[in-house]
Amino acid sequence: MSERTLIDARGAFCPGPLMELIAALKAIEIGEEVEVLSSDKGSADDIPEWVAKVGHEMVGVEEKGDHWSVVVRRAK
Amino acid sequence: MAKKILIVGGGLSGTIVANGLCRQLAHQMRQGAVSITVLGTSDKHLYQPGLLYVPFGRIREAELFREQKKVLDRRINFFIDPATHIDVEAKTVSTQSGRSFDYDYLVLATGSRIRPDAVPGMEEGAHWFYDLDGARKLRDALAAFEGGRIVVNVNAPHKCPVAPLEITFMLDEYFKARGLGDKVEITYTYPIGRLHALEPVGKWAVPEFQKLGIKSETFFNTKAVDPKAKKIESEEGVTLDYDLLITIPPHNGAEVIENSGLGKAGWVPTNPKTLHREGSDTVFVVGDTTNIPISKAGSTAHFEADTVVDNIASLITENRWARDYDGKVYCFIETGMNTGTYVWFNYTTPPNPGPPSQMIHWFKLAYNRLYWLSARGLL
């Protein structure tokens with residue numbers, strides 16, 4: 208089980224979940240994961256789109272009541 | 008036994024916390040019941056937002072600095088002795104000179120630093136204005152620039168989130184004033200799919216850019232800079248040519264944080280309301296040092312510092328918690344050389360930038376001097 212960094216960006220107006228994810232991916236090793244919690248539906252779409260474009264790995268997107276959980280693995 | 012308050016970091020938030028506590032705990036300090044110590048890295052206090060004006064010759068370098076000893080209340084024990092190891096279990100901080108400080112309350116205010124070295128070619132190929140040396144070099148480069156492609160390149164994470172937009176607007180006006188408006192093409196790149204992380208600010212900037220003819224490239228995370236070919240390449244597969252590259256480099260927190268096992272990349276996991284280091288009720292974290300997903304900005308640090316001052320003073324004098332941090336941030340935004348606007352927001356209120364005006368620009372210029380009252384805990 209690789210180590211996972213949690214970003215609770217629920218309700219955060221700045222810098223926003225994707226910006227936080229990009230920063231967090233720079234701070235971890237290849238193979239490690241980041242879980243982003245976001246109350247913004249847009250993040251559930253934006254993050255997978257960006258992850259695919261850049262070449263990291265999507266582990267999963269899950270709706271959990273009033274927020275979304277998006278898990279990404281650093282691939283490069 | 009005196010309660011020992013130890014503050015690691017003598018930047019904006021460490022200084023406001025130290026001076027604010029001094030004012031609130033003056034009586035206890037006179038009685039010898041409280042001591043306040045600051046461990047800094049420099050004898051000078053730098054007003055960082057002033058760096059934005061250096062490349063345009065609109066601030067004198069002497070205005071950016073004060074003697075840190077004079078900014079701090081004289082009752083504070085101040086040492087220019089950087090922390091080298093922080094042990095939150097033993098409640099001790101070791102320093103470069105070999106000393107060891109213990110504490111009852113610890114405030115981590117170690118800030119952030121630019122890392123142009125983290126991107127291949129960036130140090131050699133790019134200019135920046137986030138430190139004085141970089142701002143001076145950019146000033147010289149702008150003065151020598153007679154036309155061509157300028158790329159303003161923003162990297163995550165970075166502090167002062169509106170500064171990239173500000174310098175873009177100021178560059179446009181600077182070159183138009185020099186009669187080079189039709190010879191200069193400015194392209195602004197941003198890591199996510201809009202012009203600013205704050206969605207309302209991003210939306211507001213779109214027509215402003217269109218009006219001025221500023222180009223943009225979103226979803227642009229810098230992979231490498233080629234200083235010889237003068238090209239910058241993104242992780243997303245886009246390459247831009249440039250004649251002058253101005254970057255906002257990615258940032259890290261302080262090395263001592265990471266080396267002490269307190270947080271990846273130097274950011275300390277922090278409770279967003281209490282500002283306690285997660286899992287520790289005697290360690291507070293303020294300013295850029297936190298991992299809270301809000302702006303790394305001077306005003307964030309200021310409002311967090313005010314909260315920490317109230318809570319430490321209340322815990323010592325009344326043995327109770329005073330109040331939570333509500334996520335408040337207030338940022339001026341220069342929209343040119345003569346106009347400005349602002350945003351404020353907190354955890355529950357979204358930002359909403361108003362129309363730019365000369366009045367707000369003047370207020371920002373005034374704040375560039377009023378800052379020294381903030382640092383002293385008076386404003």
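Top to bottom, those sequences are chains A and B.
First residue of the first sequence? That's 208 in my numbering, and the numbers climb one at a time after it.
First residue of the second sequence? That's 8 in my numbering, and the numbers climb one at a time after it.
For each residue, glycine too, the CB sits at the ideal point set by N, CA and C.
Please read all numbers here as calculations on a predicted model, not as lab measurements.
Below 7 angstroms between beta carbons is the criterion; list the residues of the stretch 202-218 of chain B that meet it against any residue of chain A, in chain order. Ala204, Leu205
Given a limit of 8 angstroms on CB to CB distance, which residues of the stretch 155-167 of chain B reach chain A? Ala163, Pro164
Below 9 angstroms on C-beta distance, what does Asp253 (chain A) contact in chain B? Taking the first sequence and counting its residues from 1, the one referred to as residue 253 (chain A) is at position 46. Those within 9 angstroms of Asp253 (chain A) in chain B are Ile199, Gly200.
Can you find the residues in the same chain that come closer than 8 angstroms, C-beta to C-beta, to Arg146 (chain B), ignoring five residues on each side of it along the sequence? Residue mapping note: residue 146 (chain B) aligns to position 139 of the second sequence, counting from 1. Excluding positions up to five away in sequence, the list reads Val61, Pro62, Phe63, Gly64.
According to DSSP, which residues form a beta bridge with Asn359 (chain B)? By one-based count along the second sequence, residue 359 (chain B) stands at place 352. Answer is none; Asn359 (chain B) lacks a bridge partner.
Can you list, in chain order, the residues of its chain whose CB lies under 8 angstroms from that of Lys407 (chain B), leaving out five sequence neighbours each side? In the structure as shown, chain B starts at 8 and stops at 386, and residue 407 (chain B) therefore has no counterpart that could be examined.
Assuming Ser42 (chain B) and Ala9 (chain B) make a contact with CB atoms under 8 angstroms, what is their CB distance in whole Å? The residue given as residue 42 (chain B) occupies position 35 in the second sequence. The residue given as residue 9 (chain B) occupies position 2 in the second sequence. Correct: roughly 5 angstroms between the Cβ atoms.
Got a sec? Which residues, its chain only, sit under 8 angstroms from Thr355 (chain B) by beta carbon, not counting five neighbours each side? As a first step, residue 355 (chain B) is located in the second sequence; it is residue number 348 there, counting from the start. Within the same chain, Thr355 (chain B) has close Cβ partners Asp333, Gly334.
Check the C-beta distance from Asp138 (chain B) over to Ile121 (chain B) and give it rounded, since I have them as a contact under 8 angstroms. Locating residue 138 (chain B) in the second sequence gives position 131, where the first residue counts as 1. Locating residue 121 (chain B) in the second sequence gives position 114, where the first residue counts as 1. Right, the Cβ-Cβ distance comes to about 7 angstroms (below 8 angstroms), so this counts as a contact.
What are the boundary residues of the alpha helix (DSSP H) that includes His165 (chain B)? Here the question's residue 165 (chain B) lines up with position 158 in the second sequence. Neither: His165 (chain B) is in no alpha helix (DSSP H) and is coded neither H nor E.
Is it true that the CB of Phe227 (chain B) sits closer than 7 angstroms to the CB of Thr277 (chain B)? The residue labelled residue 277 (chain B) in the question sits at position 270 within the second sequence. The residue labelled residue 227 (chain B) in the question sits at position 220 within the second sequence. No.
Express the C-alpha separation of Glu240 (chain A) and Met208 (chain A) in angstroms, rounding to a whole number. The count along the first sequence starts at 1 and reaches residue 208 (chain A) at position 1. The count along the first sequence starts at 1 and reaches residue 240 (chain A) at position 33. Low confidence applies to Met208 (chain A): its pLDDT is 46, below 50, so where it sits in the model is not reliable, and the reading given next is rough at best. Cα to Cα, the separation comes out at about 10 angstroms.
Gln217 (chain B): buried (16+ other C-beta within 10 angstroms of its C-beta) or exposed? Locating residue 217 (chain B) in the second sequence gives position 210, where the first residue counts as 1. By the neighbour-count rule (16 or more Cβ atoms within 10 Å), Gln217 (chain B) is not buried but exposed.
Check this for me: beta carbons of Ile229 (chain A) and Pro198 (chain B), under 7 angstroms apart or not? Here residue 229 (chain A) refers to the residue found at position 22 when the first sequence is read from its first residue. Here residue 198 (chain B) refers to the residue found at position 191 when the second sequence is read from its first residue. Result yes, Cβ atoms of Ile229 (chain A) and Pro198 (chain B) sit closer than 7 angstroms.
Should the stretch 293-303 of chain B be regarded as contacting the stretch 92-111 of chain B, the criterion being three or more beta carbon pairs within less than 8 angstroms? no
Taking 8 angstroms as the threshold, find out whether the stretch 303-320 of chain B comes into contact with the stretch 23-36 of chain B through three or more Cβ pairs. yes
Mapping the DSSP letters down to three states, classify Glu131 (chain B) as helix, strand or coil. Mapped onto the second sequence, residue 131 (chain B) falls at position 124. Residue state, collapsed to three classes: helix.
Whole runs of the beta strand (DSSP E) within the stretch 265-353 of chain B, excluding any shorter than 3 residues: 290-292, 336-341, 347-352
Pick from B:Lys280, B:Gly16, B:Ala40 that is closest to Thr324 (chain B), judged by C-alpha positions: Along the second sequence, read from residue 1 onward, the residue named residue 324 (chain B) stands at position 317. Checked all of B:Lys280, B:Gly16, B:Ala40; the closest Cα to Thr324 (chain B) is B:Ala40.
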